[in-house]
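**Q** Read the sequence shown against our numbering and you will find it ends at 132, with the numbers running on by one and no gaps. Please read through the structure below; I'll follow up with questions.
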Amino acid sequence: MSALLYTNKLSYGSPAAKFTAKVEKFKTDSYSIRAAIGINNVEEVFDLSWAGLTEIEATALVAQLKSAKGVDLLQWSPPLESATLNFTVAQFSANEYAGEAGYYTIAATLNREFDN
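Here's what the structure looks like:
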């Protein structure tokens, strides 16, 4: 596990969080029940964006996201959370900053994980 790099350089408006609850419905003759699927049934996905990174910063961040391979855990404290949480990298992209050579933008989607 390693800490997510350059969280102080996340773009304004980032992260965008998506929460999806996994539930199951059961029906009988006279009523229906809705129940959570599993203990941690709320899927949390964060879309992050870093803008204006130098080439050195972008190279280090891309290396960290690549080396995680969607399996290794990265640690980060999202807004409105008081603790550091575990995440895996679902996808990411890196581009040169429009109009400014030598500066880069990186976008990544992180999934919250509940294991250690």
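Even for Gly, the Cβ is constructed at its ideal location relative to N, Cα and C. Just so you know, these numbers come straight off a predicted model, no measurement behind them.
(1) Taking the CB atoms as reference points, tell me whether N127 and V78 lie closer together than 9 Å.
(2) Just the C-alpha distance for F130 and V58, rounded to the nearest angstrom, thanks.
(3) I need the DSSP call for I72, collapsed to helix, strand or coil.
(4) For the stretch 33-116, list the alpha helix (DSSP H) runs that are entirely contained and at least 4 residues long, ordered along the chain.
(5) What residues in its chain sit with their C-beta under 7 Å from that of L20, if we drop five residues either side in the sequence?
**A** Here's the rundown:
(1) no
(2) 11 Å
(3) helix
(4) 71-84
(5) L90, Q91 and W92
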